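Asks: Got a structure for you, questions after.
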Amino acid sequence: MASKKITDVAALKAFAHPLRIRLDRALATAGRATATQLADLVDEPVSLVSYHLRKLAEYGYIEEAPQQSGDGRERWWQPAADVVNMHWKDFADDPEGVAAYVGTSHQIVSARMTNLMAYVDNQAAWPTVWATAAFGGGFLLKLTAAELQEMAEEAAAFQDRWLARSRAAEEAGDTEGREHVELQMYGYPFRP
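Those letters in the sequence shown? Residues 645 to 836, per this note's numbering, in order.
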């Protein structure tokens with residue numbers, strides 16, 4: 645699977661719904677699932693989940709997956725891409741696009757922080773080997789815009805390398821001792 649680059653305002657708005665972001669994450673974690681399975685994961689009614697899955701499919705975020713089992717009446721879904729990319733520069737010339745980008749970014753960052761806080765709240769429940777392997781940190785640097793861009797490119801290469809390693813292990817059936825891991829990295833300018 646490749647990455648999906650969002651440059652269309654309508655597609656960006658379609659992704660911005662909080663439940664769609666949760667469904668995207670749940671489906672990425674599951675790999676393939678039905679609306680019923682996803683409804684259980686996100687604790688929402690199946691009819692609501694089905695509606696939002698159809699919207700995600702309409703804009704190419706997810707796609708129908710080959711039938712997994714049963715009598716063919718259940719519809720299986722899978723992510724259409726490993727990674728969804730959006731960047732402010734693709735919307736900068738359009739006020740509606742900027743507003744949609746900001747709104748979508750707020751929803752995504754909020755969902756990520758919710759996930760991080762859930763881990764922090766439950767860190768003690770993880771086996772020691774996992775709790776001590778987890779990491780986090782924040783650094784305050786003074787960089788130029790060019791240096792920040794260089795850092796972004798290095799971070800993307802780092803993420804790509806680990807994503808490839810994770811996918812290769814999954815495809816090889818190497819599941820022993822593996823858990824889902826969320827990696828979050830941000831680099832942005834600020835003024836104190």
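Beta carbons are placed, not taken as given, at the ideal position from N, Cα and C, and that holds for glycine.
Just so we're clear, the structure is a prediction, and the values are computed from it rather than from any experiment.
What first and last residue would you give for the alpha helix (DSSP H) that runs through P723?
Replies: Start at 1 with the first residue of the sequence shown, and residue 723 comes out as number 79. Counting along the chain, P723 falls outside any alpha helix (DSSP H), though it belongs to the beta strand (DSSP E) covering W720 to P723.
Asks: Quick check on the DSSP output: the beta strand (DSSP E) that includes V728 runs from which residue to which?
Replies: Along the sequence shown, read from residue 1 onward, the residue named residue 728 stands at position 84. Run containing V728: V727 to M730, per the beta strand (DSSP E) assignment.
Asks: Apart from the five residues on each side of it in sequence, which residues of its chain come closer than 6 Å, Cβ to Cβ, to L663?
Replies: Residue 663 sits at position 19 when you count from the first residue of the sequence shown. H696.
Asks: How big is the Cα-Cα spacing for P836 and G675?
Replies: For the purposes of this step, residue 836 is taken as the residue at position 192 of the sequence shown. For the purposes of this step, residue 675 is taken as the residue at position 31 of the sequence shown. Looking at the two C-alpha atoms, the distance is approximately 42 Å.
Asks: Quick one: give me the first and last residue of the alpha helix (DSSP H) that K657 is part of.
Replies: Residue mapping note: residue 657 aligns to position 13 of the sequence shown, counting from 1. Here the alpha helix (DSSP H) through K657 covers V653 to F659.
Asks: Between G780, A672, W720 and R669, which has its C-alpha nearest Q828's C-alpha?
Replies: Here residue 828 is taken as the residue at index 184 of the sequence shown, counted from 1. Of the candidates G780, A672, W720 and R669, the one whose C-alpha sits nearest the C-alpha of Q828 is G780.
Asks: Should F659 go down as buried or exposed, given a rule of 16 or more other Cβ atoms within 10 Å for buried?
Replies: Position 15 of the sequence shown holds residue 659. Buried is the call here.
Asks: In its own chain, which residues sit with a C-beta less than 7 Å from the C-beta of A725, not counting the 5 before and 5 after it?
Replies: Within the sequence shown, the letter at position 81 stands for residue 725. Contacts found: M645, A646, S647 and K648.
Asks: Are the CB atoms of G918 and V653 nearer to each other than 7 Å?
Replies: Residue 918 lies beyond the residue range present for the chain, which begins at 645 and ends at 836; the question has no answer from this structure.
Asks: By alpha-carbon positions, which one of E718, E707 and K699 ends up nearest to Q681?
Replies: As a position in the sequence shown, residue 681 is number 37, starting the count at 1. The shortest Cα separation from Q681 among E718, E707 and K699 belongs to E718.
Asks: Going by C-alpha to C-alpha distance, which of A801, I665 and E797 sits closest to G747?
Replies: Position 103 of the sequence shown, counted from the first residue, corresponds to residue 747. It is I665.
Asks: Measuring alpha carbon to alpha carbon, tell me which residue in A813, Y832 and G831 is nearest E823.
Replies: Numbered from 1 along the sequence shown, position 179 holds the residue referred to as residue 823. Nearest C-alpha to E823: A813.
Asks: Which first and last residues belong to the alpha helix (DSSP H) in which K733 is found?
Replies: What you label residue 733 is simply residue 89 of the sequence shown in a count that begins at 1. Counting along the chain, K733 falls outside any alpha helix (DSSP H), and DSSP gives it neither H nor E.
Asks: Roughly how many angstroms separate the alpha carbons of E702 and H661, rounded to a whole number?
Replies: The residue given as residue 702 occupies position 58 in the sequence shown. The residue given as residue 661 occupies position 17 in the sequence shown. One C-alpha to the other measures close to 14 Å.
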